[in-house]
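Every letter in the sequence shown is one number past the one before it in this note's numbering, and letter 408, counting from 1, is 413. Idealized CB from N, CA, C, for every residue including glycine. Values in this document were obtained by computation on a predicted structure and should not be read as measured data. One structure is given here, and the rest of the page talks about it.
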Amino acid sequence: MSDLIRPHGGELKDLYLGADEAEAARLAARDAVSWDLTPRQVCDIELLLNGAFSPLTGFLGKADYDGVVADMRLADGTLWPMPITLDVTEAFAAELKNGDAIALRDEEGVLIAMLDVEDIWTPDKAAEAKGVFGSTDETHPGVHFLMNRANPVYVGGRLRGVEPPLHYDFRHLRDSPQELRDRFSKLGWRKIVAFQTRNPMHRAHQELTFRAARDVEANLLIHPVVGMTKPGDVDHFTRVRCYENLLSHYPEQTTSLSLLPLAMRMAGPREAVWHALIRKNYGCTHFIVGRDHAGPGKDRDGNDFYGPYDAQELMREFEDEIGIQMVPFKMMVYVAERAQYVPVDQTSDDQTVLNISGTELRRRLQEGLEIPSWFSYPDVIAELRRTHPARHQQGFCMFFTGLSGAGKSTLANALMVKLMELGGRRVTLLDGDIVRKNLSSELGFSREHRDLNIRRIGYVASEIVKNGGIAICAPIAPYTATRRDVRDAIEEFGGFIEVHVATSLEICEERDRKGLYAKARAGLIKEFTGISDPYEVPENAEMTIDTATLSPEEAAQRMLVKLESLGYIR
Ligand code: PPS
Numbered sequence: 006m007s008d009l010i011r012p013h014g015g016e017l018k019d020l021y022l023g024a025d026e027a028e029a030a031r032l033a034a035r036d037a038v039s040w041d042l043t044p045r046q047v048c049d050i051e052l053l054l055n056g057a058f059s060p061l062t063g064f065l066g067k068a069d070y071d072g073v074v075a076d077m078r079l080a081d082g083t084l085w086p087m088p089i090t091l092d093v094t095e096a097f098a099a100e101l102k103n104g105d106a107i108a109l110r111d112e113e114g115v116l117i118a119m120l121d122v123e124d125i126w127t128p129d130k131a132a133e134a135k136g137v138f139g140s141t142d143e144t145h146p147g148v149h150f151l152m153n154r155a156n157p158v159y160v161g162g163r164l165r166g167v168e169p170p171l172h173y174d175f176r177h178l179r180d181s182p183q184e185l186r187d188r189f190s191k192l193g194w195r196k197i198v199a200f201q202t203r204n205p206m207h208r209a210h211q212e213l214t215f216r217a218a219r220d221v222e223a224n225l226l227i228h229p230v231v232g233m234t235k236p237g238d239v240d241h242f243t244r245v246r247c248y249e250n251l252l253s254h255y256p257e258q259t260t261s262l263s264l265l266p267l268a269m270r271m272a273g274p275r276e277a278v279w280h281a282l283i284r285k286n287y288g289c290t291h292f293i294v295g296r297d298h299a300g301p302g303k304d305r306d307g308n309d310f311y312g313p314y315d316a317q318e319l320m321r322e323f324e325d326e327i328g329i330q331m332v333p334f335k336m337m338v339y340v341a342e343r344a345q346y347v348p349v350d351q352t353s354d355d356q357t358v359l360n361i362s363g364t365e366l367r368r369r370l371q372e373g374l375e376i377p378s379w380f381s382y383p384d385v386i387a388e389l390r391r392t393h394p395a396r397h398q399q400g401f402c403m404f405f406t407g408l409s410g411a412g413k414s415t416l417a418n419a420l421m422v423k424l425m426e427l428g429g430r431r432v433t434l435l436d437g438d439i440v441r442k443n444l445s446s447e448l449g450f451s452r453e454h455r456d457l458n459i460r461r462i463g464y465v466a467s468e469i470v471k472n473g474g475i476a477i478c479a480p481i482a483p484y485t486a487t488r489r490d491v492r493d494a495i496e497e498f499g500g501f502i503e504v505h506v507a508t509s510l511e512i513c514e515e516r517d518r519k520g521l522y523a524k525a526r527a528g529l530i531k532e533f534t535g536i537s538d539p540y541e542v543p544e545n546a547e548m549t550i551d552t553a554t555l556s557p558e559e560a561a562q563r564m565l566v567k568l569e570s571l572g573y574i575r
């Protein structure tokens, strides 16, 4: 057994410098170029530095990267399934050469580590997507991140750690691999089965983990990911409170909870192997792989990216090499007649098999519907309800978009007044003109400035929605991509209802309330939307209103009915 507890490939790679060397690095960093780590890089570097990513000693260089993408192996043949790369901008890379040292800093500028540059290259991202995710379809969150968020140039090299990224939250639940190994040894735990999760845990998960631990006669480590998970997941603050509640439902002294600041890639089978390697580094001997491990959801044609048990198959190939044993599990379902959870392959046709999917759970939370006690524990559900109030208690954003003079402000005002009449909610109006006066007075109408203006509106609206308020926005917002970004930012916290005020250019120009169209036609105003600047018509707006055919009163009524049908007011 002691063999199993040793990490694969030997020692844990602790990349932190000693106190004196760290001080020297801090001094040297003053003259070095600095890179501000992205949120994902902060997650990666924490696990590189503390040895969770052993045997890696830094961000991958080109030869290791090529091997990992092609066949999950570093250049020396060691198994490693996920490219851990430092992506930087072209402008930053242009100033670098091999042999340079870069100061890597967190968002606040705190020095986390020095990187000794060994390789600088521009990756073929499509090939990386194909190799790692088996797809270039951007509905895959990992592919989407790679193609749209990750910077274009990679820099590889060894790391010299100065200090770990700082966390203020749940410090008592955060452990490095060495700390967790020490805890296991102190507790006398020799066999430890780890459970990976990015979701709240309910009775099915509790039953699955409990059975896994019992079957292999091991202690249980609940090891949830609190770094970056799939967009739209329940936030980790809520989840951790759920896990803490759940802990009391396990037999005493058998189970431990620790948080893993990993940035997931949702790479299914490859990710399962990666997760197992990481757990091995944390001192675990067994690893649970259930149905659709680290699954990214459906592709653009509605098909699964990976088969439900592909991850188990791939893990089986590598468990010996890693030195961690997989505990495979089928999906657990509730059998009403037995009042018990069982693996789905152990049910029979004459039994009443119950299950509530993640989507169904979200629906019930959103609509404030009952969630049965066979599904979860009341304290866990209470925790979820605290942060996921029913829709009518959530904030939302009504986002009007359309040409100048289309009637956005009129509709926005009419709606605001109706909502105030209903009472009980806080409403903020972010009208185009008002915003330009108060938030964006220095901006003009270039694409760049318009985008900045809309992003500012989106940011303020998302803060309002996050805090349960109603934000009514009424800018022109001519660009689809920017509207989409604002939608994504707001939907994280509440509703986003896009209203295309589709009054035609002819009518807007005929009205010309502010005399701007005449000036634009005369060339006195440049870049005027609809005349000398584009307006990209929304294709998937929740509502389309043409003020030429509806009075403001009628339009306001239509909007109220829509909001009611969506559940945001009642
Ligand atoms: S944007 O594109 O969303 O940033 O525009 P927005 O902040 O909504 O500002 C639009 C208002 O500014 C006036 N205005 C112009 N609009 C469009 N193009 C140009 N070049 C321009 N110059 C000034 C105009 O009054 C818009 O107000 P609304 O309420 O839309 O008529």
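Between which two residues does the alpha helix (DSSP H) containing residue i stretch?
i	result
residue 487	485 to 496
residue 564	557 to 571
residue 522	521 to 526
residue 242	241 to 252
residue 190	182 to 192
residue 214	208 to 220
residue 283	273 to 286
Does the ligand ATP have a heavy atom nearer than 7 angstroms to the CB of residue i?
i	result
residue 444	As presented, the structure is devoid of the ligand ATP, carrying the ligand PPS as its sole ligands.
Tell me which residue opens and which closes the beta strand (DSSP E) that residue i is part of.
i	result
residue 360	Careful: residue 360 lies outside any beta strand (DSSP E) and carries neither H nor E.
residue 199	197 to 202
residue 163	158 to 166
residue 479	475 to 479
residue 228	224 to 229
residue 392	Not the beta strand (DSSP E): residue 392 falls in the alpha helix (DSSP H), residues 383 to 392.
residue 436	432 to 436
residue 93	91 to 93
Report the option in the options whose CA atom is closest to the CA atom of residue i.
i	options	result
residue 116	78, 86, 27	27
residue 552	537, 513, 527	513
residue 31	81, 101, 67, 120	120
residue 94	336, 67, 42, 65	42
residue 390	244, 311, 410, 450	244
residue 172	327, 495, 113, 317	113
residue 89	411, 52, 424, 325	52
residue 549	434, 534, 537, 567	567
residue 101	197, 39, 149, 153	39
residue 602	375, 381, 367	With the chain represented from 6 up to 575, any question about residue 602 goes unanswered, as that position is not in the structure.
residue 178	73, 546, 262, 37	262
residue 403	476, 516, 130, 519	476
residue 183	309, 17, 231	17
residue 36	106, 76, 21	106
residue 358	369, 364, 345	345
residue 564	413, 473, 264	413
residue 181	285, 275, 218	285
residue 21	169, 110, 490, 283	169
residue 450	495, 483, 213, 498	483
Can you pull the DSSP bridge partners for residue i?
i	result
residue 127	Bridge partners of residue 127: none, in fact.
residue 39	108
residue 329	Bridge partners of residue 329: none, in fact.
residue 503	404
residue 291	198, 330
residue 347	338
residue 78	84
residue 550	506
By DSSP, does residue i sit in helix, in strand, or in coil?
i	result
residue 575	coil
residue 352	coil
residue 119	strand
residue 402	strand
residue 296	coil
residue 11	At residue 11 the pLDDT is 43, less than 50, meaning the model places this residue with poor confidence and gives no usable figure here.
residue 179	strand
residue 576	With the chain running from 6 to 575 in the structure shown, residue 576 is simply not present.
residue 114	coil
residue 234	coil
residue 415	helix
residue 101	coil
Kindly give me the distance between the Cβ atoms of residue i and residue j, rounded to whole angstroms, as I take these residues to be in contact under 8 angstroms.
i	j	result
residue 288	residue 189	5 angstroms
residue 63	residue 161	7 angstroms
residue 240	residue 204	About 12 angstroms; that fails the 8 angstroms criterion.
residue 247	residue 385	5 angstroms
residue 158	residue 118	Not confirmed; about 19 angstroms, so no contact.
residue 640	residue 327	Absent from the structure is residue 640, since the part of the chain shown begins at 6 and ends at 575.
residue 317	residue 333	5 angstroms
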